[in-house]
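Quick mapping for you: the protein sequence lines, in order, are chains A and B.
Numbering follows the UniProt record's numbering, in which position 96 of the first sequence is assigned residue number 96; successive positions increment by one, without gaps.
Numbering follows the UniProt record's numbering, in which position 140 of the second sequence is assigned residue number 140; successive positions increment by one, without gaps.
One structure is given below, encoded as structure tokens.
2 protein chains.
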Amino acid sequence: MTVDAQFETIEATGSEAGTPRSDMIYQAILDAIYQGRLPPGSVVNEAALALEFGVSRGPVREAIRRLQGIQLITREPYIKSRVVTLDATTARELFELRMALEGMACNIDARRMSDAEIDGLISELERSRHNYSADVPGDGSVFDFHERIARACGNARIINLLCGDLYHLLRIYRRHSGAIIERKEEAYDEHWQILRAIKARDPQLAESLMRSHVRRAARNLFDHLDGENLPDI
Amino acid sequence: MTVDAQFETIEATGSEAGTPRSDMIYQAILDAIYQGRLPPGSVVNEAALALEFGVSRGPVREAIRRLQGIQLITREPYIKSRVVTLDATTARELFELRMALEGMACNIDARRMSDAEIDGLISELERSRHNYSADVPGDGSVFDFHERIARACGNARIINLLCGDLYHLLRIYRRHSGAIIERKEEAYDEHWQILRAIKARDPQLAESLMRSHVRRAARNLFDHLDGENLPDI
DNA sequence: TGAAGCTAAAATGTCAACAGTTTTTGGCGA
DNA sequence: TCGCCAAAAACTGTTGACATTTTAGCTTCA
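Printed below as a string of structure tokens:
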């Protein structure tokens, strides 16, 4: 039940003074989910977490409510909440949403990014080419193409969705779908093509390429999932 | 400062027994924002609302946190929160997001809806033609084309966004943008065309038509807004 | 054996008081 | 009069206790 004993109190991990405890605990629970200490389907107990983090139930409750808001934790009054489970339907819905949002981000990028921004992104992509091999860890401080594309669009709502809620879910899927072949080599080519379309100021092509790219990632995930087959996307 | 004296306690409005107070208060604050009793930019005071609703600060705080989660209320630690203001940038971002999501919804509809569903929607649209005139109140229990299109797509995440967060914001815009000409007559034709494209099983056309429809609504809003001109969308 | 019903434990929901931070207020000096 | 600074007020953040509901375990009976 206990997530871990590595936190004496939440102050140990919390950095800035003046940051509310609820914010620190939000991040701590999120990390626990990321790292699999709170696996999908496990119950999220307010009192236990409060004891663990050395705070009262209030801040823990607030953090949980926030995670429920982005649908990472289930919510039903009086019923104990659980980390969401990752079924095929949820995955399909996630990828459909990504196709819509990341596609639109590319569309906007092709119209709004400056030439300098685009060139900078292209050179960063090429410099990070060695990261696009199967033996480099996926998450970390490496060049994150999708995040950069999203942030470049300048639409705070789209950025917030893609780099917040959806990104959390995607990370959990990656973490818990075992040894998925990540098709990194193909990804590099597709990323490069998308940037070319943006540089060519072709919003529709850029959007179409991004959608295909996300669709292929979805198919890849489903092909390596336990027998689930992907309905038309 | 006080929202209204019409609630003795929250129990008066709350319907079901066993429903948490925080849920009722969430709805109550949302209504207050809708009805303009909490106009954009006004501060949202926990203690005042708690006194108003006859409960302690806890449930009120939770309701506010939820509204902050969908970005209807600002959030910054220790700083008093306010109802979001409706500036041109926010509106542009809202409509861009709607173009992406409602477009995708149409795309999915054209592939997944059954013929019977489509025919039913068409006949409902035609039956409600008399509502598409300027003198019929916009909100109410009338036929809501956009909601129906969104719900038909079956993607819970997209539905949740369009009929939840974004719809709230849109309603507030409608409420506070004065006597906007709602171009209802044009809307009927455009809605009808979209349904034709869905019935013809043409996802790309349906998506394109919906995007244009939303774009025109955005332009209409900005044209009638105080001098703000809409950047390229 | 197992299924329905009851009881105790556990979990979530709510409250009132206290702590820390921000905002306001009032006075001071230039 | 205006800006600056300190103290007070107001507000948000946090806590521990209590209330309400669910959950788990036990008993009973067929």
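Cβ atoms here follow ideal geometry from the backbone N, Cα and C, with glycine treated the same way.
Collapsing the DSSP output to three states places B/Val214 in a helix. Linking B/Gly154 to A/Phe95 through their CA atoms gives a straight-line distance of about 14 Å. Fewer than three beta-carbon pairs drawn from the region 60 to 71 of chain B and the region 123 to 132 of chain A are found closer than 8 Å, and the two stretches are therefore not classed as touching. A/Asp23 and A/Arg61 have their alpha carbons spaced roughly 11 Å apart. Between B/Ala206 and B/Ala197, the C-beta spacing is below 8 Å. Of the residues assessed, A/Gly103 falls on the buried side of the cut-off, its CB having 16 or more other CB atoms within 10 angstroms.
Within 8 Å of the CB of A/Asp202, no CB atom of chain B is found; the nearest one sits about 15 Å away. For the pair B/Ile159 and A/Arg171, the Cα-to-Cα distance works out to about 23 Å.
Scanning chain B for C-beta atoms nearer than 8 Å to the C-beta of A/Ile108 yields Glu96, reported in chain order. For the region 72 to 105 of chain A, the beta-carbon criterion of a distance under 9 Å to any beta-carbon of chain B is satisfied by Pro77, Tyr78, Thr89, Thr90, Arg92, Glu93, Leu94, Glu96, Leu97, Met99, Ala100, Leu101, Gly103, Met104 and Ala105. Taking 8 Å as the CB threshold, B/Glu147 stays off the interface with chain A. Collapsing the DSSP output to three states places A/Val83 in a strand. Rounded to whole angstroms, the separation of the alpha carbons of A/Thr74 and B/Thr19 is 17 Å. Counted as a single uninterrupted DSSP element, the alpha helix (DSSP H) harbouring A/Pro59 occupies residues Arg57 to Gly69.
Chain-order list of chain B residues neighbouring A/Ala28: empty, with the shortest C-beta distance near 17 Å, by a criterion of under 8 Å. Using a CB distance cut-off of 8 Å, A/Asp115 does not count as an interface residue toward chain B. In this structure, B/Arg57 is the residue among B/Gly36, B/Arg57 and B/Ala100 with its C-alpha nearest to the C-alpha of B/Asn45.
At least one CB atom of chain A sits nearer than 8 Å to the CB of B/Gly69. The beta-carbon of B/Arg65 is placed less than 8 Å from the nearest beta-carbon of chain A. With 16 or more neighbouring CB atoms inside 10 Å of its own CB, B/Glu93 falls in the buried class.
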